[in-house]
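Numbering (the working numbering), first residue to last: 961 to 1315.
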């Protein structure tokens, strides 16, 4: 996503199943953003049924229940989440300006101003309640939502019955989204606190441990998730839209649990397959942010002739190109000077500390 994405548990014991799950969710996000390139809506809906909730659940799993809302805690999470947001937004603004200059089809100043205003407001999508002057920044809404969600989680954890407050936040986030669309993904954060809290519950009660849940219960959860994904699949956290209400929420929680359990089993039985996937999941943050730049800037019309002549369904060809561009941009990000790249790659921070 991201869970702070590759940073949250890098200094602790790594759980490869979580990295594999994050890689799957990241692929789901990219596939879901590719319907305009021909990706089947049904496939996108299946991923939409769990991908973003899974990111928040994983982050909640690695969030300490005893954490306090101190200035140091705020600073730590601001550095982990808001600095990548800021740098990525600067990248989008710069690339859109340069793209407009090179193509000559749009006004460079207007393009830069468009993304500048979108960056300031920090919302991922447009709703009927969105102010007219606001543009969507896209996938980066997640970083703001995770930041504020983690702040809210530390608050509710101080109370005797945090679950009640979490449900209250979720309800308020959904109701207010119909009335007013606040900046910095604050409303999404209110709702996302539920999934963060679920992540804590999973760890507290060791729900992923062997024999902690009966096989019949796993089958039941998989069935509920499958039913939700195939028959509903309209969960859009980006706009706080849960078209089917409780069905979407329960389906996403069960789906995330099932995905995590399947990833855990795969890591145990086929480690050669899961190891490279886990490596991708370890670097979800830079991949995710570079997807935002690719999504908002890259002109796919220039490769349409090549893609549509490949011996593949065009949407598969576009996905291959999309993944390749994201990988290329992430590689470029890695070799950028450390003052920039360190906010995305934990190894760069360690290198700096060691000097």
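In this text, a Cβ means the ideal position worked out from N, Cα and C, and glycines have one as well.
Go to residue i, then tell me how far its alpha helix (DSSP H) extends in each direction, as first and last residue.
i: residue 1264; result: 1264 to 1267
i: residue 1282; result: 1274 to 1295
i: residue 983; result: 976 to 992
i: residue 1094; result: Looking at the DSSP string, residue 1094 is not in any alpha helix (DSSP H), and its letter there is neither H nor E.
i: residue 1110; result: 1101 to 1116
i: residue 1020; result: 1011 to 1021
i: residue 1007; result: 1001 to 1008
i: residue 1120; result: Here residue 1120 belongs to no alpha helix (DSSP H), and DSSP marks it neither H nor E.
i: residue 1299; result: 1298 to 1301
Rounded to the nearest angstrom, what separates residue i and residue j at their Cα positions?
i: residue 1306; j: residue 1294; result: 11 Å
i: residue 1217; j: residue 1205; result: 19 Å
i: residue 1022; j: residue 978; result: 10 Å
i: residue 1111; j: residue 1267; result: 44 Å
i: residue 1094; j: residue 1300; result: 28 Å
i: residue 1065; j: residue 1080; result: 25 Å
i: residue 1207; j: residue 1171; result: 27 Å
i: residue 1052; j: residue 1263; result: 20 Å
i: residue 1029; j: residue 1191; result: 40 Å
i: residue 999; j: residue 1278; result: 9 Å
i: residue 1242; j: residue 1154; result: 24 Å
i: residue 1302; j: residue 1253; result: 18 Å
i: residue 980; j: residue 1089; result: 36 Å
i: residue 1246; j: residue 1108; result: 20 Å
i: residue 1116; j: residue 1126; result: 7 Å
i: residue 976; j: residue 1069; result: 45 Å
i: residue 1005; j: residue 997; result: 15 Å
i: residue 984; j: residue 1239; result: 12 Å
i: residue 1049; j: residue 1133; result: 25 Å
i: residue 1229; j: residue 1074; result: 49 Å
i: residue 1106; j: residue 1149; result: 6 Å
i: residue 1211; j: residue 1017; result: 13 Å
Under the criterion of a Cβ to heavy atom distance below 7 Å, does residue i qualify as lining the ligand SAM?
i: residue 1077; result: The ligand content of the structure shown is nil, which means the ligand SAM is not present either.
(message) Does the contact criterion of 3 or more C-beta pairs under 8 Å hold for the region 972 to 992 versus the region 1005 to 1012?
(response) yes
(request) Starting from the N-terminal side, write out each stretch of the beta strand (DSSP E) that is 3 residues or longer and does not extend beyond the region 1166 to 1245. (result) none
(request) Can you check the region 1128 to 1168 for any beta strand (DSSP E) of at least 3 residues that lies completely inside it and give the ranges in chain order? (result) none
(message) As an exercise, report each continuous alpha helix (DSSP H) stretch of at least 4 residues that is fully enclosed by the region 1036 to 1089, in chain order.
(response) 1043 to 1063, 1068 to 1081
(message) Three Cβ pairs or more, each shorter than 8 Å: is that satisfied between the region 1192 to 1203 and the region 1082 to 1100?
(response) yes
(request) Determine, using beta-carbon pairs with one atom in the region 1038 to 1054 and one in the region 1097 to 1110, whether at least three such pairs fall under 8 Å. (result) yes
(message) Contact between the region 1047 to 1060 and the region 1243 to 1260 is defined here as three or more beta-carbon pairs at a separation below 8 Å; is this criterion met?
(response) yes
(request) Check whether the region 1158 to 1168 touches the region 1176 to 1188, taking contact to mean three or more Cβ pairs, one atom from each stretch, closer than 8 Å. (result) no
(request) Could you tell me whether the region 1118 to 1127 touches the region 1271 to 1289, using the rule of 3 or more Cβ pairs below 8 Å? (result) no
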